[in-house]
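Here's the structure we're looking at; comments come further down.
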Ligand SMILES: [Zn+2]
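Residue numbers (the numbering used here): 1309 to 1625.
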């Protein structure tokens, strides 16, 4: 083989010579939005390739990431975006809760240098309860991936203050979505990363939730000092403001009230869903409310009111 032929074969084996271009921003599985100095929300794209929202905070001496998306590929794209913006080390990833659409990329963040921080209950739930979460939609590949998810390195059931140099970040324990929920508060930028404690114009997943606790917590979100100036980053849906927080809380309260009314009228199961759905849609015409989502919500709300709702149980260490 001539040298020229050898070079050609080598180039072909490497996949061709023109691979040095970085992907265009539109190729990302999320949209990066700056919401404060060094504070970014990574909002899931219209095709839902990331599975959820995430974000990060660049401090004086390192980076803290909030959530890790569903797929390692999306998490890898997030790491690449951080690397484009700063050479500082990625020191932490905080999981807002155990659901795989927020923890699925944790290993990528750990490989990039991050310590995984989560609520104490996440350690015992992340590999087991995620199997239940997917129910009949689970595939053997997904099951294997969930069973291999990394366990958090640092867990808490109390509020936690982290410092990125002079930048203060408060990780707060809150009640409502799973029983193991954290929010991430960046006081100097007036940003609250809410995880799935907040959804914007899409129905929340109530599978592990307590609407009673959830409405109380979202009332607290709307009451923080200078709330009108805050960016609230939801787990699903676009960057939100305090009106969106109040809108979300109103949605939960409407769902609760409509299901209470339906139960009083003796409705159950499909009849209850048929009764509640059009009323809920009429009250929230700018929301995207799928049949599947609202059916599940009515069922879970009915179970909560009946006292039969099953929620993940905290396990001993
Ligand atoms: Zn969730």
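Using N, Cα and C, we set each Cβ at its ideal position, and we do this for glycine too.
Test item: CB-CB of residue i and residue j under 8 angstroms
| i | j | result |
| --- | --- | --- |
| residue 1413 | residue 1501 | no |
| residue 1612 | residue 1563 | no |
| residue 1439 | residue 1454 | yes |
| residue 1479 | residue 1490 | yes |
| residue 1426 | residue 1371 | no |
| residue 1475 | residue 1552 | no |
| residue 1547 | residue 1351 | yes |
| residue 1416 | residue 1376 | yes |
| residue 1406 | residue 1373 | no |
| residue 1422 | residue 1446 | no |
| residue 1526 | residue 1557 | yes |
| residue 1437 | residue 1620 | yes |
Heavy atom of ligand 1 within 7 angstroms of residue i beta-carbon
| i | result |
| --- | --- |
| residue 1513 | yes |
| residue 1543 | yes |
| residue 1504 | yes |
| residue 1427 | no |
| residue 1551 | no |
| residue 1521 | no |
| residue 1356 | no |
| residue 1410 | yes |
| residue 1592 | no |
| residue 1539 | no |
Exposed unless 16 or more other CB atoms sit within 10 angstroms - verdict on residue i
| i | result |
| --- | --- |
| residue 1568 | exposed |
| residue 1432 | buried |
| residue 1408 | buried |
| residue 1471 | exposed |
| residue 1498 | buried |
| residue 1596 | exposed |
| residue 1356 | exposed |
| residue 1561 | exposed |
| residue 1330 | Its pLDDT being 48, under 50, residue 1330 is placed unreliably in this model, and the value from its coordinates should be taken loosely. Classification of residue 1330: exposed, given that the 10 Å Cβ count is below 16. |
| residue 1382 | buried |
| residue 1460 | buried |
| residue 1516 | buried |
| residue 1404 | buried |
| residue 1610 | buried |
| residue 1411 | buried |
Residues that DSSP places opposite residue i in a beta bridge
| i | result |
| --- | --- |
| residue 1351 | 1339 |
| residue 1662 | No information on residue 1662 is available, as it lies outside the stretch 1309 to 1625 that the chain covers here. |
| residue 1510 | DSSP output for residue 1510 lists no bridge partner at all. |
| residue 1542 | 1503 |
| residue 1464 | 1427 |
| residue 1481 | 1490 |
| residue 1548 | 1540 |
| residue 1371 | 1366 and 1398 |
| residue 1344 | 1347 |
Cβ of residue i within 8 angstroms of any chain D Cβ
| i | result |
| --- | --- |
| residue 1460 | In the structure shown, chain D cannot be found, because there is only a single protein chain. |
Heavy atom of ligand 3 within 7 angstroms of residue i beta-carbon
| i | result |
| --- | --- |
| residue 1407 | Of the ligands one can find in the structure shown, namely ligand 1, none is ligand 3. |
query: Should the region 1513–1525 be called in touch with the region 1482–1496, which here means at least 3 C-beta pairs below 8 angstroms?
result: yes
query: Should the region 1353–1362 be called in touch with the region 1334–1345, which here means at least 3 C-beta pairs below 8 angstroms?
result: Between the region 1353–1362 and the region 1334–1345, the count of C-beta pairs closer than 8 angstroms reaches three or more; the two stretches touch.
- prompt: Do three or more CB pairs link the region 1460–1471 to the region 1385–1397 at distances below 8 angstroms?
  reply: no
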